[in-house]
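All letters in the sequence shown, in the order written, are residues 81 to 570 by the working numbering. One structure is given here, and the rest of the page talks about it.
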Amino acid sequence: MPQFYLRQAQARGTGIPHPRPRASAVTSTNQQKSSRDQPMQLDRSAMTASAVVLAVAASLAAVLPTARAEIKTTSIVSDSRSVILFEEFGFRRGGRAAVTATGVGWKVPEGSQIKAVNPTLMGFFLISNSLIYQINNESDYAEATGTAFCPLTSKYVQPLFRFKEIAPDGTGKGSLTIDADDKYTVLFSSCQDGVEVTMEVRTEMFNVRRSGAREYLPVGLLPLPGIFAAASVVHFVFLGAWLYVCVKHCRTAERIHAVMGALLLFKALKLACAAEDQWYVERTGTPHGWDVAFYVFGFFKGILLFTVIVLIGTGWSFLKPYLQEREKNVLMTIIPLQVIENIASAVIGETGPAGRDWLAWNQIFLLVDVICCCAVFFPIIWSIRNLREASKTDGKAARNLQKLTLFKQFYLVVVCYLYFTRIAASAVAAVLSYKYQWVVNVSIETASLAFYVFVFYNFQPVEKNPYLYVGDDEEEAAGGQLEMESTFEI
81 MPQFYLRQAQ
91 ARGTGIPHPR
101 PRASAVTSTN
111 QQKSSRDQPM
121 QLDRSAMTAS
131 AVVLAVAASL
141 AAVLPTARAE
151 IKTTSIVSDS
161 RSVILFEEFG
171 FRRGGRAAVT
181 ATGVGWKVPE
191 GSQIKAVNPT
201 LMGFFLISNS
211 LIYQINNESD
221 YAEATGTAFC
231 PLTSKYVQPL
241 FRFKEIAPDG
251 TGKGSLTIDA
261 DDKYTVLFSS
271 CQDGVEVTME
281 VRTEMFNVRR
291 SGAREYLPVG
301 LLPLPGIFAA
311 ASVVHFVFLG
321 AWLYVCVKHC
331 RTAERIHAVM
341 GALLLFKALK
351 LACAAEDQWY
361 VERTGTPHGW
371 DVAFYVFGFF
381 KGILLFTVIV
391 LIGTGWSFLK
401 PYLQEREKNV
411 LMTIIPLQVI
421 ENIASAVIGE
431 TGPAGRDWLA
441 WNQIFLLVDV
451 ICCCAVFFPI
461 IWSIRNLREA
471 SKTDGKAARN
481 LQKLTLFKQF
491 YLVVVCYLYF
501 TRIAASAVAA
511 VLSYKYQWVV
521 NVSIETASLA
531 FYVFVFYNFQ
541 PVEKNPYLYV
551 GDDEEEAAGG
561 QLEMESTFEI
């Protein structure tokens, strides 16, 4: 993203503006009445900033996770942002977008140069994402010629309603029927710098089936209920197979195997809740409480995933019945970070990009996730180095060689898994057509399942697991090969 856009966005408040005093109903109402009689007052800097911020908002929405498409109500309190992005949705022709704002009020903060508020320069509109570059061109031309430009006046946007149409009770509404397939964005724009707006906004976007029924999931996410349901069934079957192996080899089963089983259970439950969540959203526009269960099970799954990686990396329960102090410190760092990450994930999913702190929560989520991903590598690296040192002194060359080989494989698989699910998948989502966003979810779930199969197969409770057993006749043959392992450095 161009640094110029970022600087302008931060200057105009698309970041995290400080909370401002809430406007009183009396003040807002009086200013509404007086401003309707005022001539149009163009704020050139605010209008130019609005177009710039629009580009920033659209760019962020393309690369950062947004709230699920559903019927959503968002509260805006004393907000002076030039552009507020509410929802994105992949429409088919004939789809509908509706916005209702209640309790609408505004005020001019003390010290502002604006003498009266013009409600004509504030309102909601819908824009096709493929036309946003046209807004940028208009903004650039206006800046080059020294003229004012407001996104609400652009011929490339589809107006929903402006504040001049607000009823005396502070209510405004507008709706549109989509005439072309595309991904669209609902935005609020204020072309008057510093005017603080307060309102409660209800957005409702849906496609219409041939039967006349509504679809509240965007085009690119319609397969998600079936995808999550199938993935949940696969993980429940996986869990059953894991329990069978643990019971069959109960004499060699360790505590880590119980933790691994718990990970599978919460992963399967999370996917089941995701399927129900998306199914209800698709048909009714609301998750009917399944989103709460989704976040709860996702919370435990996230903690257990990193815990399993760390515990296997340290060799806990396999190589030793205890954790060293530094290994405990890694766990005590990761678990609180996972709590923060899951809170950030819930806030991102439920508030949507209209929230003032939405970008900040995205940054927290990404930062914490990166820290957790980096932290899990330390125990694996420590174990590899310890095995390399032990191979020189304990005389068990073959056993150490197999353990070292397994640890190196585990290290590389963890790197690939975390890289793909955190970075590669996001990059693919950013360039993939809105009609095929479900492919990203399929890729992530497939990669996760492959990772689980590798880990659970290689660390299952069997007697000849490389962690637990190596025949004595292999010792001599492994001696020379182990010398070459010192070339593997991390």
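Beta carbons are placed, not taken as given, at the ideal position from N, Cα and C, and that holds for glycine. Just so it is clear, the structure is predicted and the values come from calculations on it, not from any experiment.
Chain-order list of residues whose beta-carbon lies under 6 Å from that of E565 (same chain, five-residue window excluded) | In this predicted model, E565 has a pLDDT of only 48, less than 50, meaning its place in the structure is not dependable enough to derive any value.
What are the start and end residues of the alpha helix (DSSP H) that includes G191?
-> First-last for G191: undefined, no H or E at that position.
If we call anything under 8 Å between Cβ atoms a contact, is V522 one with V456?
-> no
Sorted by chain position, which residues of the same chain lie with C-beta nearer than 6 Å to T180's C-beta, five sequence neighbours on each side aside?
-> K253 and R282
T182 (DSSP reduced to helix, strand or coil) | strand
Closest by CA to Y532, which one among V388, G306, R290 and E421?
-> V388
Buried/exposed call for S269, threshold 16 Cβ in 10 Å | buried
For the stretch 246 to 296, which segments carrying the beta strand (DSSP E) assignment without a break, of at least 3 residues, lie completely within its bounds, in sequence order?
-> 252 to 257, 262 to 270 and 276 to 288
Once you ignore the five residues that flank I460 on each side, which residues in its own chain have a CB closer than 6 Å to its CB?
-> G393 and Y491
Verify whether the separation of the beta carbon atoms of N287 and F166 is less than 8 Å.
-> no
Could you please give me the residues that DSSP links to I489 through a beta bridge?
-> The sequence given here places Gln at residue 489; Ile does not occur at that position. Bridge partners of Q489: none, in fact.
Tell me, to the nearest whole angstrom, how far the beta carbon of K408 is from that of F377; I am working on the premise that it is less than 8 Å.
-> Actually they are not in contact, since the Cβ atoms of K408 and F377 sit about 26 Å apart, beyond 8 Å.
C-alpha distance - I451 paired with L301, whole-angstrom precision = 30 Å
Beta-carbon proximity list for S155, same chain, < 7 Å, skipping 5 on both sides | E280
Hey, would you say R502 sits closer than 8 Å to D437, going by beta carbons?
-> no
Could you check how far apart the C-beta atoms of I258 and R173 are, in whole angstroms? I think they sit under 8 Å.
-> 6 Å
Identify the residues that DSSP records as bridge partners of T153: which are they?
-> R282
The alpha helix (DSSP H) with I503 in it runs from where to where?
-> Segment: none, I503 is in no alpha helix (DSSP H) and carries neither H nor E.
8 Å Cβ cutoff met for A426 and Y375 = yes
Under a Cβ-count criterion, where at least 16 other Cβ atoms within 10 Å of its own Cβ denotes burial, should C230 be classed as buried or exposed?
-> buried
With DSSP as the reference, label V427 as helix, strand or coil.
-> helix
Determine the extent of the alpha helix (DSSP H) in which G170 is found, giving its start and end residues.
-> Run containing G170: none in the alpha helix (DSSP H); it sits in the beta strand (DSSP E), V163 to F171.
Taking buried to mean at least 16 other C-beta atoms within 10 Å of its own C-beta, is A507 buried or exposed?
-> exposed
Mind reading off the beta-carbon distance from S234 to I215? Whole number of angstroms is fine, and I expect it under 8 Å.
-> 6 Å
Within 10 angstroms of the Cβ of A354, are there 16 or more other Cβ atoms? Answer buried if so, exposed if not.
-> buried
Near G250, what residues of its chain come up, given a Cβ to Cβ distance below 7 Å and the 5 sequence neighbours on each side ignored?
-> T182, G183, V184 and G185
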